[in-house]
Amino acid sequence: MSSSYMKKKTETLEMFLQNTRDRTFVLLGDVFQKDPDIYASVYAQYPDRIAKIFIRKYDNDVVGQERLETVFKDIPRHKWATFEKGSDLSRNVF
């Protein structure tokens, strides 16, 4: 994934956050993309605006889990979760 894509995605998220100051967001991403890095950066700037971060990973993905633990080290654990299938999300939302 190119750095220009990461920059564009980050800028787009920041635009939404700046233009909708009265809303909070749930971020959905994938462990194998740069989504965790992007979301950690956005969370650092807008911690009160991010309700939760959900990252899709694969069965028994130890490397992906370790990566998330590192990337999200400054984000409270209750603010992020992983899922494997879309149907897993309903168990984690509330």
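The sequence shown lines up with residues 1 to 94 when you count with our numbering.
Beta carbons are placed, not taken as given, at the ideal position from N, Cα and C, and that holds for glycine.
Which listed residue (the options) has its alpha carbon closest to that of residue i
{"i": "Gln-33", "options": "Trp-80, Lys-85, Ser-90 and Arg-67", "result": "Arg-67"}
{"i": "Tyr-75", "options": "Arg-56, Met-6 and Tyr-39", "result": "Reading off the sequence, residue 75 comes out as Ile, not Tyr. With distances taken between Cα atoms, Ile-75 lies closest to Tyr-39."}
{"i": "Pro-36", "options": "Ser-87, Lys-57, Asn-19 and Leu-17", "result": "Lys-57"}
{"i": "Glu-11", "options": "Glu-84, Val-42 and Gly-86", "result": "Val-42"}
{"i": "Asn-60", "options": "Val-31, Asp-48, Ile-50 and Trp-80", "result": "Val-31"}
{"i": "Gly-64", "options": "Gln-45, Glu-84, Asp-48 and Lys-79", "result": "Glu-84"}
Opposing strand residues paired with residue i [DSSP bridges]
{"i": "Asp-22", "result": "Note: Asp-22 sits in no beta bridge, so no partner."}
{"i": "Leu-68", "result": "In DSSP, Leu-68 forms no bridge with anything."}
{"i": "Thr-82", "result": "Ile-55"}
Exposed unless 16 or more other CB atoms sit within 10 angstroms - verdict on residue i
{"i": "Asp-71", "result": "One point to set straight first is that residue 71 is Val, not Asp, in the sequence displayed. The residue in question, Val-71, is buried, as its Cβ has 16 or more Cβ neighbours within 10 Å."}
Report task. Report yes or no: do the region 20-32 and the region 42-56 share at least 3 C-beta pairs separated by less than 8 Å? Result -> The answer is yes - the region 42-56 touches the region 20-32, with three or more Cβ pairs under 8 Å.
**Report entry** Any beta strand (DSSP E) of 3 or more consecutive residues that is wholly inside the region 17-61
**Finding:** 25-30 and 50-56
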